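Have a look at the structure below before the remarks.
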Amino acid sequence: MKGTRIDYGSIEPEARKIISLISRYVRNSTLEPKLVELVRIRVSQINGCAFCIDMHTQNARAAGETEQRLYCLSAWVDSPFYSEREKTALEFAEYLSDIGRSGIPDHLYHRVLSQFNENEYIAIVMLVNEISSWNRLSISCGATSGMYKGKNTV
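Taking the numbering used here, the leading residue of the sequence shown gets 821, the next gets one more, and so forth.
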């Protein structure tokens, strides 16, 4: 990646491969591609990764996501544009992103399992781990928004 501090793809391709294995796991799950991209964007917003926000908004658009839903994602709690399933996944992702604060409350755990099966529950946990890892790698290595070109679907 030009413009980065360290081109992690060239210097440590194994690091990239490890996270890519998690990406493949998520891709092979039964989670909907649009939902996956929404969670990736929201977690990237929380973590402040401009590169990943740029990448995954492009991917979400390519998957058919609307501009209105992308614009309102940071305020999803007060927005009527998301289904209960999506809102549950987004809330779960926010808690997972700051898990040390309070863990996962029982009420949220039960709500997630009312919207997702146990395999999907684990897939969301892995999804948040995946995008958080990409965020940390991208931020620490200096990847900047505008560098990503093209569609990299779920």
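Think of the CB as a built atom: it goes at the ideal place given N, C-alpha and C, for glycine as much as any other residue. Predicted model, so just to flag it, every value in this text is computed and none were measured.
- Residue 861 is positioned such that its CB atom lies closer than 7 Å to that of residue 877.
- Taking all protein chains shown into account, residue 897 has fewer than 16 neighbouring C-beta atoms within 10 Å of its C-beta and is therefore exposed.
- If you check the CB distance, residue 851 and residue 913 do not come in under 7 Å.
- Shortest Cα-Cα distance from residue 963 to any of 874, 916, 847, 946 involves 874.
- Around residue 927, the same chain offers no residue with a beta carbon nearer than 8 Å, after the five sequence neighbours per side are excluded.
- Excluding residues up to 5 positions away in sequence, 896 lie with their Cβ nearer than 6 Å to the Cβ of residue 902 in the same chain.
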